[in-house]
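Number of protein chains: 2
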Amino acid sequence: MSKITIPSQLDTTILAETFKLLGDPTRLRILFFCLEHPRSVGDIAASLDLSQSLVSHHLRLLRGARLVRGNRQAKQIFYELADKHVSDMLVDMAHHVCEDGDD
Amino acid sequence: MSKITIPSQLDTTILAETFKLLGDPTRLRILFFCLEHPRSVGDIAASLDLSQSLVSHHLRLLRGARLVRGNRQAKQIFYELADKHVSDMLVDMAHHVCEDGDD
DNA sequence: TAAACACATGAACAAATATTGATATGTTTA
DNA sequence: TAAACATATCAATATTTGTTCATGTGTTTA
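These protein sequence lines are chains A and B, in that order. Our numbering puts the first residue of the first sequence at 489, with every later residue one more than the last. Our numbering puts the first residue of the second sequence at 489, with every later residue one more than the last.
In structure tokens:
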């Protein structure tokens, strides 16, 4: 059971878009930083030593792919992962990168 | 339990490298095509309508990241996913891309 | 309202990357 | 060995993409 389904070329492209977003160290750092609890843009920039502009640009891409969502709290906007789905996947992959080298 | 572990900056970079490889539609198509059983380079190129050169290039990258492995069978070389680890992740992600739109 | 603060956006540039075409390497068959 | 076949590699090109700097938008406080 659990038959293997080969995605259509369109689905493949969509899937690739998501992977592509995850394929950048800066974006991954942002995502992991927001994993535990929501973080403001300024906090992200300061903690990760990135320019505010750069963080905003990346957050826009991540927002566009529904990987994160932000809600305003007074002047600041706090970003968190979009849903458990995404965070589970990240944690899962993080584990994978640690346990390397079978074979 | 299952405490969230934030990867080091180095680990993040390594993880990103893997995601980056998965973040190309052509490579994803190659991977899914080899999911069920090993496929020769020529078969991949013909079936996916890609030049032989392009397929070889991509396979080299995938090999370098230990995402696929190939074994020679006479003139041809048959490629398959490196381990269950990789294929499980791919199938998993393929499922994710289908079930969209919570919220 | 004006100034200050937090974040978003646009243009521009440099670096990375996918793709192509030609050629090389290695394996088999005549 | 030579020719044919399958795959790999090299060099070059065109596109994509991450980053920066300057500026714009929206919210709060004086």
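Every residue, glycine too, gets a C-beta built ideally from N, C-alpha and C. Please read these numbers as outputs of a predicted model, since none were measured by experiment.
Legend: CB atoms of the stretch 499–520 of chain A lying less than 9 Å from CB atoms of chain B belong to residues D499, T500, T501, I502, L503, A504, E505, T506, F507, K508, L509, L510, G511, D512, P513, T514, R515, L516, R517 and F520. For R517/B, the uninterrupted alpha helix (DSSP H) segment begins and ends at P513 to F521. A residue is called buried when at least 16 other Cβ atoms come within 10 angstroms of its Cβ; D512/A meets this threshold and is buried.
With 16 or more other CB atoms across the displayed protein chains lying within 10 angstroms of its CB, A582/A is buried.
Beta-bridge analysis with DSSP links Q561/A to Q564/A.
Taking 7 Å as the cut-off between beta carbons, none of the residues of the stretch 532–566 of chain B comes near chain A. Comparing alpha-carbon positions, the option among S539/A, V574/A, H545/A and S544/A lying closest to L555/A turns out to be V574/A.
Between the alpha carbons of T514/B and L516/A lies a distance of about 23 Å.
The C-beta distance from T500/A to A553/A rounds to 16 Å, too long to fall under 8 Å, and the pair is not in contact. No Cβ of chain B is located within less than 8 Å of the beta carbon of V529/A. Scanning its chain for C-beta atoms nearer than 6 Å, with the 5 sequence neighbours on each side dropped, one finds around Q564/B the residues S528, in chain order. In this structure, L536/B and Y567/B do not form a Cβ contact; the two beta carbons are roughly 12 Å apart against a cut-off of 8 Å. Chain B places a beta carbon closer than 8 Å to that of L523/A, counting this residue as a contact. Taking a contact as a CB-CB distance under 8 Å, the pair V585/B and P495/A counts as one, their CB atoms being some 7 Å apart.
Of all alpha-carbon atoms in Q497/A, K508/A and L523/A, the one lying nearest the alpha-carbon of L549/A is that of K508/A.
When the Cα atoms are used, R557/A and Q561/B turn out to be separated by approximately 50 Å.
For R554/B, no alpha helix (DSSP H) segment is defined, and its DSSP state is neither H nor E.
If the five residues before and after V543/A are omitted, its C-beta is found closer than 6 Å to the C-beta atoms of V529, I532 and A533, all from its own chain and listed in chain order. Within the same chain, and ignoring the five residues on either side of L510/A in sequence, the residues whose Cβ sits closer than 7 Å to its Cβ are L516.
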